[in-house]
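The block underneath contains the structure these notes are about, expressed in C-alpha cells.
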Amino acid sequence: MGGDRDPVTLIRQSRGREAGNPSHLRRISSRGATAAAWILAAAVPLVFVGVFFAWPVASIVGRGLFPDGMLDVAGIVEVLSRPRTVRIIGFTIGMAAAATAITLVLGMPVAYVLSRLRFRGRGVLRAAVLVPFVLPTVVVGIAFRALLRDTPLDGSVVAILAALVFFNVAVVARTVAVSWESLDPRQEEAARVLGAGPVRVFVTITLRRLAPSIAAAASIVFLFCSTAFGTVLVLGGAKYATIETEIWLLTTQFLDLRAASVLSVAQIVVVLLLLVITARVRGRTTAQHRSFATRRPRRSDTPVIAATVLIALALAVPLAALLERSLRVAGEWSGGNYLALASTGGRNALTVTPWQALGNSLGFAAAATGLAMLVGLVACVLLSRTPRSPVARRGLDLVDGALMLPLGVSAVTVGFGFLITLNSPPLDLRTSPVLVPIAQALVAVPLVVRTLLPVLRSVGSRMRDAAATLGAPPWRVILTIDLGVAGRAALAATGLAFTVALGEFGATTFLSRPDAATLPVVIYRLIGLPGGDNAGMAAAASVVLAAVCVAVVALVERLRVDTAGAF
Amino acid sequence: MQRFIPLAALAASALVLAGCTTPPDEPTTLVLVTHDSFALSEGTLEAFTEQTGIVVDVQSGGDAGELVNKLVLTKDSPLGDVVFGIDNTFASRAADNGVLEEYVSGDLTEAEDAFLLPAGSGGEYLTPIDSGDVCVNVDHEWFTEAGLAEPATLDDLIDPAYEGLLVVEAANSSSPGLAFLLATIAAYGDGWPDYWSALVDNQVKVAASWSDAYYVDFSGPSSEGDRPLVVSYASSPPFESGVTGVLLDTCFRQTEYAGVIAGTEHPAEARQLVDFLFSTVVQNDIPENMYVFPVNSEATLPETWAEYAEIATDPYVIDPAEIDANRERWISEWAAIATP
Amino acid sequence: MQGLSVENVTVRFGEVTAVDAVSLGIPRGEVFALLGPSGSGKSSLLRAIAGLEPCTGDIRWDDESVMRMPPHRRRFALMFQDGQLFPHLDVAGNVGYALRVSTRASGATRPAIAQRVAELLDLVGLAGFERRRVTDLSGGEQQRVALARSLAASPRLLLLDEPLSSLDRELRERLAGELRDILRATGVTAILVTHDHDEAGVIADRIGILDAGRLVQTGTLAELRAHPVDDRVARFLS
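For the protein sequence lines, the chains are L, Z and H, in the order given.
Here the first sequence stands for residues 3 to 569, where the numbers follow my numbering.
Here the second sequence stands for residues 293 to 632, where the numbers follow my numbering.
Here the third sequence stands for residues 1073 to 1310, where the numbers follow my numbering.
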C-alpha cells in the first residue's frame, strides 16, 4: 500500500487547487443546501411535536412532580404505593392488550377482503369501516348501552371491550390492507405449489410479511384503547378506572396535579415500552412494495368473506340502532330530526345550527388533515432513510417514538399543558381557534406515520439511486419516487387523518369556542339536554357526521395519484 | 423546499393572529371565560355592547370543574377578565387560590340573600347568576300504570317497595351525580355511607353520565329505559310536557356564580359585565338557554316553566368550604360503596 | 482524455477495502466490461463511479473531476441487476422518467417525451408497451424497460450492473446480442459489470478483470485468454 501514498497526496493537492474554481464552490454550496434541507425537514415534525406536545406536557407534569422546584420524591413514591394506582395501571394495560388482541383477530379478515378481492362497493366498504371511528363516543356509548341494558353484560368489562373493538377494527382493517395490497401473491402461490397448506402459508409467509403493518396497527389500537375515556366510563358504568379516567378525575375534579403527573408519566412509559416491543416485531422491512391486481372472490374465500360479513353485521348493529333513533320523533317514524338540523334545536339548545357546526367541523378537519399530512409526510420521508451513522439511526428512532406519544398521553394533560405554556406572544394561542386543528393534527400525525412508513421503508435505497442517476435531484426523488410509491397509502392516510380530526372530541371541546363549535361538540350538547327532540337531533347529526365522513373519504380515495407528472 | 411553505404560512398566520393587540381607538374587549353549557340568545351580549361599548368575547370549553382548575393553573397569566359558571361546589377552591378580585354586584337585594356564599367560601368574590336544583325526577305515567304510590323523600328510595327503580349518575364522573351524593351527605351527615349501602341493596343503578342515565335507563317519555326514577334537574320536566315531575324533598341546590378574574387589565369594565349578567336582560334569557333558574327576583319565567317547573323550598346545601375540603374523600368512599 | 478516467479509486466499508486503488481509462464510445467473481468489488466500483458510494481517488469525465458532483448531476445512468423499475409508474412513465425529472431536460413537452419514449421502446423491442404495468412484465421485458429508461437520459456514461444475470440462460444469451447492438446503435459509452466472460466478450470492446478489489488486467477477451496475467485469471476465463 506504501506506493499508493504519493498519488493520493497528489490528488488531495489537486483538489485543494480546485477549490478556487467557482463551479466547484457552487457544488459545495449545493451539498450544504441538501444537508440544510434535511435538517429543516427534520425540524418540521420536531418543532411541531415539541411546541404543541412535548413542551406543554413537560410543563404540566413538571408542575406536579416539582411542586417547589425540587423533585417531590416522597410524593411520587406515595402516589405509586397507593394500591389504587397500581390497580389502575394494571387494569389499563390489561384492558388495552385484550382489546387490541381481539381487534387484530377480527380486523384481519376485513383487511384481506378489502385488499385482495374485487367486488362491487369495495370503495364504499373501505370508507364505511371508518364510520365507528368518527362517531362521538357518547352517542355510540348510549347506543351500545341501549342494546345491552337488560343483559348481564351492561356495565361489564366485556361491554367495554366490545365497544373498544367496535371503534378500532377500522384501524387494523385499513392499516393492514394497505400493506396486504402490495404483497406479491405469487409468493403464497409458490408455497402452495410446494405443498404447504393454507394455514401454514398464512402463518409462515403472509403473517410474517405483514408483521410490520400488523405491529403498526396494534400499537395504534393499543394506544387508542389505553386512552379511551367515554367508552370506559359509559359502558363500564363508572365502575372501572383507567389511567385516562383517573387523570381526568385528578386534574379536573381534585386538582391533584402530583398524582395526575405520576400517572401521565406512567402513560409515557407505557408508550415507550410499546414502542420497544413493536420495534422488535417491525424491524426495518425491505420487502418491495407494489400494487397487485385484485381478483374476483373464489370459493376458497368463503370463510373469510363469511367472517367479514359477520363482523360487518356486528359493527352495523349499534349503527342501525342509531339510524333508527334518528328517524323517530316521539316514537313515530319521521324525518323531522333531520329537518331540525337547520335549526338551533328545541328551545334554542344551540348557538349554531348543526349544519353550521358541520361546516366548522369540515373546515377544522381539513386544516388538521393538511397539517397532519405535511408533518407526517416529512417525518415519514425522514424516517424511511437508513443513515450510515448509528447515532443518526438512533436519532431517527427517537423521532419515530416521539411522534407516537400524542396518541398515548391524556388529552386532559395536553389541554392543561396548553393553558400554562402557550400563554405569551408570539404563542398566545390559548384562546385562538388555530389550536383546534393543531390539537386534532397531533392525534392524526401518528396514524399518518404508521400508515405511510411501512410503505416508504419498502422503497429500497437502490430505487432512489436509480432515480438519482437518471438525473433526479434529491427533492425530486422524494416527490416522484417516495411519494409516488406511497401515493395510495398517502390517500389512505389522508382519509384516516380526516376521520380522526372530524371525530375528535376531547381536545376540541376543551378549546372550542361557542361560535365555532364542531359537530361532535354540538352532538354532545344536544345529548346532554332532556327532551326527546334534542336526543333525536343528536342521533340525526351523528348519522350526518358518519355519512359525510364516508363520502369525503370515498372521494379522497377515488383520486388517482398516477404519474410523476402529477406532482 | 416549497412543500414546507404551507406550515410556515400557517405558523406565521398563527403568530399574526396571536400577536394582534388592540389598537387604542378600538373598543375594549372583555374575555368571558365559561364552561361548555354556557348559552344566551343571539343579541343578548350585543345589548351589553350597545349599552357600554364593551365587546364580549366568550371562551367556553370544558365542564364546570375544569373551569376553576383552569383559572388556578393560569393565575400568572389569566385566561380572561370575567368568569361565569363557578358553582357552589367549587367556589371555595376559587376563593382560596386567589384567582378572583373582590367584587360582588351592588345590584343584589335582600331577595337574593339565600344565594350568597358564606364569607370565606367565596362570598367576597362571587355574584350569584343562576340556580338549579338536582333532584330525583319521577315518571308519573309509570307509577300510575303500576298502581304504586310515588316516593317522596330520600328515605323512601331505600324502601324495598321501590327496589330497582332508581338510576343515579356516578359521583366521580358526573356533576349531577356528585350533587346527589352531596344531598345525601347533607341529609344523613356521617351516616351517609350506610344510606348508600342501603341504596345499593335496593338495586340502585349507577350510570356514568347524565345522558345515559336519562336516555338509556330512565323510563320517561323521551327515554327508552325501564326505571321510573332518575337523578336529573328540576328543570327537566318542562321538556317532557309535565309527564315527569320532581321529588322536591330530594334536591341539592347548585348555584352558579360570576366574578372578576384577578389580574384583569379592565377591572371597571369587568365589574360592569358581572352586573350585566345579573341584570334582567340576561336573567330573563337564562332559563330557555341554560335550563336553570335566574336568581334575580325580578326576572320573569317563561310560560312552560311557570307551569311545570318547581323549585324546592328547602333544598339540601353544604358549605362550599366543607365540600372542597372533603370532595376527594367523599368521592373515594362513595365509589367503594356504589361502584365496587 | 476524452471519456472516463478513474484514478487510484479506493472504496472502503469500515475495515474492508472493497475497491483497492483502481485506475482505468475508457475513451468515449467504448463499451468496457468489468469482469470478476462475486465479491471482487466490481459493483462497488460501479456505484462509486455513479457517485452512490463515497471513495477516495479521482474520477474525471473529459478531464473534469466529478468527485464533488452529486449523482444526479453526473449524467451517468445506472441500470440495476433487477431493473429497479418504479412500480407506481407504467412503462411509459418509467422510460420517460429522466426526461421529466432532470433539470437539464426541463422544458421537454409532453408530445416530445411521448415520441422519445416510443422511439426508445422501439429500440429495445417493446413498441406499443407504453401503458402496460411494469409489474405485469416478464423479467426480460422488465430489463428492456430498464435499459430504455437509462438511455432516455442521453447519459454521458451508461453503467450496467449485471443487467442480464437475473434472467435464464437462453434469454440471457439472446439479450446479450441485442444489448450489444443497442449500445452500438446509440454509440453510448458504457461500463458493464458481469461475472460471465462470454457475456463480456459478446457485449464489450474491452474487458478489465477485477480480483479482490484490484484491477489485475485489461484487454480484449482474446488478448486476455492468450496472455492471462496469472493463474487465477486463466482459470476464471476458462
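Backbone N, C-alpha and C fix where the C-beta goes; we use that ideal spot for every residue, glycine too.
Amino acids of chain L, ordered along the chain, whose beta-carbon sits closer than 7 angstroms to that of residue i
{"i": "Val364/Z", "result": "Leu257"}
{"i": "Gln1156/H", "result": "Arg464, Met465, Ala468"}
{"i": "Ala1122/H", "result": "Thr471"}
CB contact below 8 angstroms: residue i versus chain L
{"i": "Pro612/Z", "result": "no"}
{"i": "Asp451/Z", "result": "no"}
{"i": "Arg1216/H", "result": "no"}
{"i": "Phe544/Z", "result": "no"}
{"i": "Phe1152/H", "result": "yes"}
{"i": "Phe472/Z", "result": "no"}
{"i": "Phe531/Z", "result": "yes"}
{"i": "Ala1149/H", "result": "yes"}
{"i": "Val323/Z", "result": "yes"}
{"i": "Ala1090/H", "result": "no"}
{"i": "Arg1221/H", "result": "yes"}
{"i": "Ala1170/H", "result": "yes"}
Cβ neighbour criterion (16 or more within 10 Å) applied to residue i
{"i": "Thr401/Z", "result": "exposed"}
{"i": "Asp451/Z", "result": "exposed"}
{"i": "His291/L", "result": "Residue placement at His291/L is flagged as unreliable, the pLDDT there being 49, under the threshold of 50; the coordinate-derived value follows with that caveat. Result: buried."}
{"i": "Met72/L", "result": "exposed"}
{"i": "Arg7/L", "result": "Note that Arg7/L scores 33 on pLDDT, short of 50, meaning its location in the model is unreliable and no value can be drawn from it."}
{"i": "Thr631/Z", "result": "buried"}
{"i": "Ser426/L", "result": "exposed"}
{"i": "Ala145/L", "result": "buried"}
{"i": "His1299/H", "result": "exposed"}
Contacts around residue i, its chain only, beta-carbon distance under 8 angstroms, and the 5 residues preceding and following it disregarded
{"i": "Val552/L", "result": "Val126, Ala129, Ala130, Leu132, Val133"}
{"i": "Glu404/Z", "result": "Pro420, Val587, Asn588, Ser589"}
{"i": "Ala554/Z", "result": "Lys367, Pro370, Gly390, Val391, Leu392, Glu393"}
{"i": "Asp70/L", "result": "none"}
{"i": "Leu274/L", "result": "Gly403"}
{"i": "Ala492/L", "result": "Met375, Leu379, Leu454, Leu485, Val563"}
Neighbourhood of residue i by C-beta, 7 angstroms cutoff - its chain only, sequence neighbours within 5 removed
{"i": "Gly1212/H", "result": "Leu1239, Leu1243, Leu1247"}
{"i": "Val545/L", "result": "Leu324, Leu325, Ser328"}
Nonlocal neighbours in the same chain, by C-beta distance under 6 angstroms from residue i, ignoring five residues either side
{"i": "Ala44/L", "result": "Leu384"}
{"i": "Trp597/Z", "result": "Pro530, Pro579"}
{"i": "Gly77/L", "result": "Arg260"}
Partner residues on chain L for residue i, Cβ-Cβ distance less than 8 angstroms
{"i": "Pro1143/H", "result": "Asp467, Ala470, Thr471"}
Within-8 angstroms CB hit, residue i to chain H
{"i": "Ala37/L", "result": "no"}
{"i": "Gly197/L", "result": "no"}
{"i": "Ala495/L", "result": "no"}
{"i": "Gly489/L", "result": "yes"}
Contact with chain Z by residue i, beta-carbon distance below 8 angstroms
{"i": "Ile529/L", "result": "yes"}
{"i": "Thr516/L", "result": "Sequence inspection shows Pro at residue 516/L; the Thr mentioned does not correspond to that position. With 8 angstroms as the cut-off, Pro516/L counts as an interface residue toward chain Z."}
{"i": "Leu212/L", "result": "no"}
{"i": "Ser181/L", "result": "no"}
{"i": "Ser426/L", "result": "yes"}
{"i": "Pro154/L", "result": "no"}
{"i": "Ile41/L", "result": "no"}
{"i": "Pro47/L", "result": "no"}
{"i": "Thr253/L", "result": "yes"}
{"i": "Leu265/L", "result": "no"}
Under 7 angstroms from the C-beta of residue i: neighbouring residues of chain Z
{"i": "Asn339/L", "result": "Within chain Z, no residue comes near Asn339/L; the closest Cβ sits about 12 angstroms away, beyond 7 angstroms."}
{"i": "Thr371/L", "result": "Ordered by position in chain Z, no residue passes the 7 angstroms Cβ test against Thr371/L, which lies about 12 angstroms from the chain."}
Within chain H, partners of residue i - CB distance below 7 angstroms
{"i": "Arg478/L", "result": "Val1173"}
Beta-carbon neighbours of residue i, restricted to chain Z and to distances below 9 angstroms
{"i": "Arg151/L", "result": "Val508, Asp509, Glu516, Gly517, Asp518"}
Interface residues of chain Z facing residue i [CB-CB closer than 8 angstroms]
{"i": "Phe512/L", "result": "Gly353, Gly354, Glu358"}
- request: Could you tell me whether the segment 345 to 361 of chain L touches the segment 519 to 531 of chain L, where touching means 3 or more Cβ pairs closer than 8 angstroms?
  value: The segment 345 to 361 of chain L vs the segment 519 to 531 of chain L: in contact.
message: Assess contact between the segment 161 to 175 of chain L and the segment 232 to 239 of chain L, defined as three or more Cβ pairs (one per stretch) separated by less than 8 angstroms. Is contact present?
response: Yes: at least three Cβ pairs fall under 8 angstroms.
- prompt: Should the segment 461 to 473 of chain L be called in touch with the segment 222 to 230 of chain L, which here means at least 3 C-beta pairs below 8 angstroms?
  reply: Three or more Cβ pairs closer than 8 angstroms define a contact, and the segment 461 to 473 of chain L falls short of that threshold against the segment 222 to 230 of chain L.
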